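As given, the protein sequences belong to chains A and B, one line each in that order. Counting from 1 along the first sequence, just add 4 to a position and that's the residue number in the numbering used here. Counting from 1 along the second sequence, just add 4 to a position and that's the residue number in the numbering used here. Beta carbons are placed, not taken as given, at the ideal position from N, Cα and C, and that holds for glycine. Small disclaimer: the values here were computed from a predicted structure and weren't measured.
Number of protein chains: 2
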Amino acid sequence: MRLARIATTSGVHSAVWEDDGWVTTNSPYSHKRMSKPQFFRPDEVALLAPVEPRVIVGMAHNGSASDRAFAPQAFLKSARTAAGPGDTIRVDPEFGRTVVEGELGVVIGRDARNLTESSAPDAILGYTVTNDISLADQSLLDSFWTQTKNGDNFSPIGPWIETDFDPSNAIITLLVNGRQVAEASTAQLARNVVELLVYVTRYVTLGPGDILMSGCPGTMCAIQPGDAFDVKISGLGMLSNRSS
Amino acid sequence: MRLARIATTSGVHSAVWEDDGWVTTNSPYSHKRMSKPQFFRPDEVALLAPVEPRVIVGMAHNGSASDRAFAPQAFLKSARTAAGPGDTIRVDPEFGRTVVEGELGVVIGRDARNLTESSAPDAILGYTVTNDISLADQSLLDSFWTQTKNGDNFSPIGPWIETDFDPSNAIITLLVNGRQVAEASTAQLARNVVELLVYVTRYVTLGPGDILMSGCPGTMCAIQPGDAFDVKISGLGMLSNRSS
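Next comes the structure, spelled out in structure tokens:
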């Protein structure tokens with residue numbers, strides 16, 4: 005099932021993909037059609053971030069098997085960094101390098117605290133593409149990555165959620181101005197999605213619409229003003245944004 | 005003007021204090037009465053956190069004048085940590101010490117990015133009492149204070165917002181089980197509220213209802229299960245919570 009939030013001439017709706025178009029639903033967490041659903045062709049909508057998270061969690065050093073030598077380490081991004089497909093990210097050289105990171109995003113579907121290996125899968129609504137954007141040079145000055153991770157639109161999410169998706173070996177491809185700059189598999193991540201959720205929810209309660217960015221297996225690149233960058237994940241789709 | 009969110013027999017309302025009671029308003033950011041306002045006596049309501057923040061920002065090492073030697077350093081707390089007066093905080097010895105910190109809270113009233121010394125005051129809706137609760141021992145393992153700062157109800161806020169308040173020399177008193185354990189003035193903070201907002205909003209956009217916890221001038225104490233703890237700020241009121 006593919007779930008999205010769509011902007012239309014009749015307003016913003018939650019929707020599910022059926023019969024080559026979007027059918028409006030009552031909630032972003034459900035495929036239940038509205039009692040009088042509307043149908044939109046793809047060319048009639050603009051896709052928004054598929055959820056409005058209250059909490060966005062990222063993972064430091066989870067990019068390769070060798071990172072298992074370290075304890076897992078999560079960080080928070082402001083909910084106000086959430087952005088959708090097509091949203092623009094401002095590059096300000098005053099802050100040093102701006103870096104994009106293509107990552108698998110896990111969308112939480114229900115209240116989630118103290119998840120276990122067996123309960124974690126049920127807390128996952130689905131998966132989406134995320135881009136964890138950073139002011140990479142700020143991290144040298146900024147112990148908590150607060151300055152580093154929280155610029156406007158620094159967390160693009162989308163284009164939609166797939167509820168039936170195997171996160172264990174998906175290919176993440178990063179393109180800048182149409183040229184492939186990095187490609188890697190989620191199989192390279194130090195810890196898998198369930199391990200990350202067990203760790204995170206021991207300390208941070210998550211809830212419906214929250215996003216876990218699962219870490220960057222080298223799918224990163226510094227960007228310049230005016231760049232177009234796309235994160236593709238096999239089986240999920242492509243999340244495209246630009247910089248100004 | 006004193007603003008609150010109240011739970012009543014007719015539901016949750018925003019309200020303003022008038023004539024020794026609460027008069028319902030259209031929004032937590034306004035004193036405009038509803039077209040048909042309801043009036044509640046204080047004994048008819050339960051006070052909730054006066055806002056529902058999307059972003060909660062705390063300040064590391066801002067507790068004394070000597071902290072000016074360091075660059076300011078902000079951290080994020082999950083919006084899901086927000087709690088109200090009377091809410092219970094679970095103390096779990098498995099995580100080491102749980103520490104409460106009485107702090108002056110700044111409530112943001114409008115979109116706030118790149119604030120300056122002159123524009124910052126207009127972005128402030130008012131002030132409230134906050135308690136920045138931590139799993140203090142986790143910070144030794146947790147570079148980003150993610151594990152440290154994000155337990156359920158770890159950010160009590162309240163009991164209300166005062167819009168007319170001088171933050172420069174307010175007395176913060178911390179009581180545990182009715183006994184005063186610490187007292188300090190906001191005048192001791194390394195950086196004042198305007199300086200903090202200029203710093204934070206350079207990197208993190210804030211908006212209506214967001215909370216800046218302005219740092220802890222020694223008004224802290226480790227707590228045990230079953231403790232009652234109160235943070236009083238002169239001119240603002242008292243925020244009371246318990247642990248289990």
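Cα-Cα separation between S122(B) and F158(A), rounded to whole angstroms: 27 Å
C-alpha gap between T209(B) and S18(A), whole angstroms: Each residue's Cα considered, the two are about 26 Å apart.
T150(B): contacting residues in chain A (beta-carbon distance under 7 Å): Within chain A, the residues A78, F79, L80, Y207, V208 have their CB atoms less than 7 Å from the CB of T150(B), given in chain order.
Opening and closing residue of the beta strand (DSSP E) in which T150(A) lies: Where T150(A) is concerned, there is no enclosing beta strand (DSSP E), although the alpha helix (DSSP H) it sits in stretches over 150-153.
Min CB distance A8(A) to chain B below 8 Å: no
Secondary structure of L145(A), DSSP reduced to three states: Residue state, collapsed to three classes: coil.
Own chain residues within Cβ distance below 8 Å of S189(A), not counting five before or after: N173, A174, I175, I176, P221
Runs of beta strand (DSSP E) wholly within the stretch 163-213 of chain B (minimum 3 residues, chain order): 175-180, 183-189
Residue environment, V61(A), which counts as buried when at least 16 other CB atoms sit within 10 Å: buried
A127(A), enclosing alpha helix (DSSP H) - first and last residue: Where A127(A) is concerned, the enclosing alpha helix (DSSP H) stretches over 124-127.
Residue from I10(B), F44(B), D168(B) with nearest C-alpha to P54(B): I10(B)
Proximity winner among N181(B), Y203(B), P229(B), D214(B), relative to V235(B) (alpha-carbon distances): N181(B)
At least three beta-carbon pairs within less than 8 Å, the stretch 80-95 of chain B to the stretch 197-206 of chain B: no
Extent of the continuous beta strand (DSSP E) run through N245(A): 241-247
Inter-stretch contact (C-beta, 8 Å, three-pair minimum) for the stretch 68-82 of chain B and the stretch 147-163 of chain A: yes
Between the CA atoms of V110(B) and T13(B) - distance to the nearest angstrom: 30 Å
D156(B) versus R45(B): straight-line alpha-carbon distance, rounded: Rounded to whole angstroms, D156(B) to R45(B) spans 30 Å at the Cα level.
Coil, strand or helix - A53(B) by DSSP: In the three-state scheme derived from DSSP, where H, G and I count as helix and E and B as strand, A53(B) is classed as coil.
Bridge partners - C220(B), DSSP secondary structure assignment: In DSSP, C220(B) forms no bridge with anything.
Inter-residue CB distance, F43(A) and V20(A) (contact presumed, cutoff 8 Å): Contact flag wrong, Cβ pair sits at about 11 Å.
Span separating the alpha-carbon of D126(A) from that of N118(A): If you take the alpha carbons of D126(A) and N118(A), they lie about 13 Å apart.
I227(A) and L108(A) closer than 8 Å at C-beta: no
Assigned secondary structure, F99(B) (DSSP; H/G/I helix, E/B strand, else coil): Helix.
Residue of V16(B), C225(B), R58(B), G88(B) minimising C-alpha distance to R183(B): C225(B)
Proximity of V185(A) and L193(A) at Cβ, strictly below 8 Å: no
Option nearest P212(B) by Cα separation, candidates G15(B), P229(B), E56(B), F74(B): Considering only alpha carbons, the answer is E56(B).
Which residues DSSP lists as bridging I137(A), in chain order: Its beta-bridge partners do not exist; DSSP assigns none.
Minimum Cβ-Cβ distance from L145(A) to chain B less than 8 Å: yes
C-beta atoms of M217(B) and D146(B) nearer than 8 Å: no
Closest by C-alpha distance to V204(B), when choosing among R6(B), T132(B), D115(B), D141(B): D115(B)
Contact under 8 Å by Cβ, I58(B) with A87(B): Per the sequence shown, residue 58(B) should be read as Arg rather than Ile. The answer is no: Cβ separation not under 8 Å.
For E121(B), three-class secondary structure by DSSP: coil
Pair within 8 Å by beta-carbon distance, Y131(B) and F169(B): yes
As assigned by DSSP and simplified to three states, the class of T12(B): strand
Inter-residue spacing [alpha-carbon to alpha-carbon] between N30(B) and E22(B): 15 Å
G67(B) - containing beta strand (DSSP E), residue span: From DSSP, G67(B) is part of no beta strand (DSSP E); its letter is neither H nor E.
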